[in-house]
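Working notes, beginning with the structure itself.
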Amino acid sequence: MFLTRDDVKSLTESLIGRSRADSCTIFVEGSEKHSLRFAGGGATTNVATARAQLRVTSHIGARSGSVSIGGLEREALLRALAHSEEIARMMPEDPEFMAPLGPQNYLAGARYDEATAALGLGDLAEAAGRIIAEGRARGVNMFGFAGSGRRFEAMATSNGLFAYDATTSVDLATTARTMDDLWSGWAGGRAFAASALDAAAIGRRAAEKAAQTAEPVDLEPGKYTVILEPFAVGELARWLLWMMDARAADEGRSFFSAPGGSRIGEKLFDEAITLRSGPQDAIAPEAAFGDEGLAQQPRRWIEKGVLRELKRSRFWAQKTGREAAPAARSFTLEGGTTSLDEMIAGTRRGVLVTRFWYTNMLDPRSLLLTGLTRDGNFLIENGRIVAPARNMRFNESLVHIFSRVAAIGPSVRVSTDMGGDAAISAPPMMVEEFEFSSRSSGI
């Protein structure tokens, strides 16, 4: 279910008007989505969904109670409101309670496209057909996903805050596999506007990665020069941004901790690393509002390797006398001018990595991450790709990765598993002494 700004404002004002609590906060979100999966030269499943959810939080003094419901039927909403008030009366006082915000000034970004909102399953089937055709032309099987939709989220408080953000999205992703099932390649893309994606080009990239004539080789665990494609870099940068928390730093629980506070102002990474976010970012615009309804502002979290800011809740900002900084879901890791081909040509011996199958944080204090490559590793020798390389597991610190940057290319929008309306822009990156810990038998 998709509601306009006016529809949501009317709904929240009506519900707030019935509140008997000292104050209340309402969060509403909804979406309409179409998706199609394909394999073996045709569609296997297609789905159309519409959903809406509302959460009401009532505050009585420093006590709070929340109730979430699916659907927006009026009687159900009124029951949820009353139930949240009952819960609030039974809860202990929250020593970190902050009264709901009043009106805020929000920046708007280019995140909604009418043509994309109008896409249907037929349009997705056409895109899937173009992807499948690229695989057929190269003698590989294509499996994948095509999806589109629109989504809104809104927040209102009894103190006068009202925030609304709407986005559209289109997702294309495909895995190409050889007929003997011994090798695979992957490519994908995500955008707010369908016009920004080329289905045939995505299919071609995946098919070309899979259509290898050389036998896959096993690499020995150890340190390598690694060229990470934008999708892999985006995954690593996402973890870096997630771990940048002011409270954890001030309390001595993270890599960003320093005696008596945080390491804001210190040079922690290579000068090539600048991480930014903001609602009016040209490639990956952030939502208008973040945690607690705070307005998202243009921020440089890391600038030329120097830590500039950490996410900070309103409570922690008040406690430490700093500015509140809501977490960013969308961000851009700024790029450079070196192309992927130039990186490969300049590598004596290394590995090209398409993406990671999974990544997990092992140690927040050292930012030690573990993960597994997937769908497209290639051995590079003397400036050219010589063979596919089977997947490898890695245990590596984000600090080391982002401090050993030998080259960096242009930043591009990449697909993401963060969900919702998150957007990531990341560049290809050459990293020295990247440590692979063990082999994997999977392709």
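Numbering (my numbering), first residue to last: 575 to 1017.
Cβ coordinates follow ideal geometry from the N, Cα and C atoms, glycine included.
On a predicted model such as this, the values are computed, not experimentally measured, just so you know.
When burial is assigned at 16 or more other CB atoms within 10 Å of the CB, is Arg653 buried or exposed?
exposed
What separation, rounded to the nearest whole angstrom, lies between the Cα atoms of Arg629 and Gln854?
28 angstroms
Please specify which runs of the alpha helix (DSSP H), each continuous and at least 4 residues long, are wholly inside the stretch 746 to 793, giving them in chain order.
773 to 784
To which residues of the same chain is Met992 closer than 8 angstroms at the C-beta, ignoring the five residues directly before and after it?
Annotation note: pLDDT 48 at Met992 (below 50); position unreliable, coordinate value reported separately. Around Met992: Arg812, Arg903, Ile998.
CB of Ser758 within 8 angstroms of CB of Val744, strictly
no
Cutoff 8 angstroms; reference Ala767; Cβ partners in own chain excluding five residues on either side
Cβ within range, chain order: Asp687, Ala689, Thr690, Thr742, Val744.
Consult DSSP for Glu955 and reduce its assignment to one of helix, strand or coil.
strand
Just to confirm my understanding: we take Ser831, look at its own chain, exclude 5 residues before and 5 after, and list those with CB closer than 6 angstroms. What are they?
Ala823
Of the residues Ser940, Glu670, Gly920, Thr933, which one's Cα is nearest the Cα of Ile954?
Gly920
By Cβ distance, which residues of its chain are closer than 7 angstroms to Ser913, with the 5 residues on each side in sequence left out?
Gly983
Endpoints, beta strand (DSSP E) assigned at Gly924:
923 to 937
Taking buried to mean at least 16 other C-beta atoms within 10 Å of its own C-beta, is Asp739 buried or exposed?
buried
Measuring only the C-alpha atoms, how far is Arg850 from Met664?
42 angstroms
Three-state class that DSSP yields for Ser1014 in the structure shown
Note: Ser1014 maps to coil in three-state DSSP.
Cβ distance (whole Å) where Ser1014 is taken to contact Asn965 below 8 angstroms
4 angstroms
Looking at Ile801: is its Cβ nearer than 8 angstroms to the Cβ of Phe843?
no
What are the boundary residues of the alpha helix (DSSP H) that includes Met917?
914 to 919
Output needed for Val602: all residues of its chain with C-beta closer than 6 angstroms, excluding positions within five of it in sequence on either side, in chain order.
Val582, Leu628, Ala728
Which residue from Arg625, Val925, Ser836 puts its Cα closest to that of Leu646?
Arg625
Under 8 angstroms, do Val973 and Leu941 count as touching if we go by C-beta distance?
Cβ distance < 8 angstroms, so Val973 and Leu941 count as in contact.
Quick check: the Cα distance between Ser605 and Asp995, rounded to an integer number of angstroms?
11 angstroms
Take Leu693 as the anchor and find which of Leu610, Pro677, Ala737, Arg648 has the nearest alpha-carbon.
Check the Cα spacing between Leu693 and each of Leu610, Pro677, Ala737, Arg648: the tightest is with Leu610.
Beta-carbon separation (whole angstroms), Leu651 vs Thr731, contact threshold 8 angstroms:
Wrong, their Cβ atoms sit about 16 angstroms apart, outside the cutoff.
What's the gap between the Cα of Ser597 and the Cα of Ser632?
6 angstroms
Pick from Ala737, Val714, Gly635 that is closest to Pro677, judged by C-alpha positions:
Ala737
Quick one: what's got a C-beta closer than 8 angstroms to Arg592's C-beta in the same chain, skipping five residues either side?
Leu652, Leu655
Using only the alpha-carbon positions, how far apart do Pro938 and Met818 sit?
10 angstroms
Ser584 burial status per 10 Å Cβ neighbour count (16 or more: buried)
exposed
Would the beta-carbon of Leu907 fall within 8 angstroms of that of Pro1001?
yes
Where does the unbroken alpha helix (DSSP H) through Gln892 begin, and where does it stop?
It spans 888 to 894 - the alpha helix (DSSP H) in which Gln892 sits, taken as one unbroken run.
Check Ser828 in the structure and name its three-state DSSP category.
coil
Which two residues bound the contiguous alpha helix (DSSP H) that contains Phe805?
Per DSSP, the unbroken alpha helix (DSSP H) holding Phe805 starts and ends at 804 to 816.
Whole-angstrom C-beta distance between Arg886 and Glu803, which should lie under 8 angstroms
That pair is no contact at about 33 angstroms.
Quick one: using the 10 Å Cβ neighbour count with 16 as the cut-off for buried, is Thr848 buried or exposed?
Under the 10 Å beta carbon count, Thr848 is surrounded by 16 or more other beta carbons and is classified as buried.
Met1004 bridges to which residues according to DSSP?
Ile801, Ala981
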